[in-house]
């Protein structure tokens with residue numbers, strides 16, 4: 003069974019304190035790994051798609067990287083508005099239905 | 004380009020009732036997927052429709068059903084509501100539902116009393 007595990011479950015940072023969120027997966031035949039940001043009571047907002055090990059993508063203070071077993075979402079000098087739950091999802095094998103992790107709840111204190 | 008829209012945004016029902024939720028995908032997107040999100044279970048896949056046909060189905064009881072119209076708009080129906088059906092129901096659309104990125108709507112918050 004495909005597994006997607008995100009860690010930590012919750013993370014508190016001070017404004018400007020850089021950190022990384024982890025998404026590890028055990029799947030056969032990765033097709034794509036997706037990162038989303040979700041604010042309370044809202045739908046997930048697409049951030050990145052990564053397709054192969056070694057790939058990296060950046061957007062403002064966020065940078066996503068991918069290896070054969072995990073992905074990292076690096077947050078550089080975060081601001082309070084970066085506070086949200088970050089979800090990763092994996093599409094693999096013969097199924098095109100993404101499997102979502104449980105998310106990391108990030109709080110950035112001013 | 005307008006995003007995915009869902010109506011209604013909030014809904015309160017009582018046990019035993021049924022409910023219909025609506026989703027309008029991004030223009031040009033033919034795949035619509037539905038998810039249930041709860042604090043305890045996270046995001047769980049309900050079903051996916053493509054060109055008016057259900058292409059994939061998650062592990063939910065038959066009380067949950069859906070359909071897609073020729074303009075790609077989709078509806079999902081939950082009959083005989085239970086307390087445990089209280090959740091955020093999310094709709095996501097993509098171009099073909101294959102290796103495309105899914106774009107989510109704002110969700111419908113369903114509360115069952």
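Chains as they are written, first to last, in this note's numbering: chain A, 3 to 112; chain B, 4 to 116.
Idealized CB from N, CA, C, for every residue including glycine.
Same chain, Cβ closer than 7 Å to residue i, five either side skipped, listed in chain order
i              : result
residue 86(A)  : 39, 40, 41, 108
residue 102(A) : 6, 89, 91
Under 8 Å between C-beta atoms of residue i and residue j
i             : j              : result
residue 28(B) : residue 96(B)  : yes
residue 24(A) : residue 72(A)  : yes
residue 17(B) : residue 113(B) : no
residue 8(B)  : residue 108(B) : yes
residue 93(B) : residue 45(A)  : yes
residue 68(A) : residue 55(A)  : yes
Cutoff 6 Å; reference residue i; Cβ partners in own chain excluding five residues on either side
i             : result
residue 23(B) : 78, 80
residue 50(A) : 37, 59, 66
residue 18(A) : 79
Inter-residue Cα distance where the pair is residue i and residue j
i              : j             : result
residue 57(A)  : residue 70(A) : 11 Å
residue 43(A)  : residue 5(B)  : 20 Å
residue 16(A)  : residue 34(B) : 40 Å
residue 105(A) : residue 83(B) : 30 Å
residue 3(B)   : residue 42(B) : Any question about residue 3(B) goes unanswered here, given that chain B covers just 4 to 116.
residue 49(B)  : residue 62(B) : 7 Å
Top-ranked residue by Cα proximity to residue i, from the options
i             : options                    : result
residue 38(B) : 85(B), 30(B), 32(B), 47(B) : 47(B)
residue 67(B) : 31(B), 43(B), 89(B), 7(B)  : 89(B)
residue 76(B) : 19(B), 49(B), 36(B)        : 36(B)
residue 99(B) : 85(B), 51(B), 87(B), 21(B) : 51(B)
residue 28(A) : 47(A), 112(A), 8(A), 22(A) : 8(A)
Cβ neighbours of residue i in the same chain (closer than 8 Å, five flanking residues each side left out)
i             : result
residue 20(A) : 76, 77, 78, 79, 80
residue 55(B) : 70, 71, 72, 73
Test: residue i CB closer than 8 Å to a CB of chain E
i            : result
residue 8(B) : This model lacks chain E altogether; the protein chains it does include are A and B.
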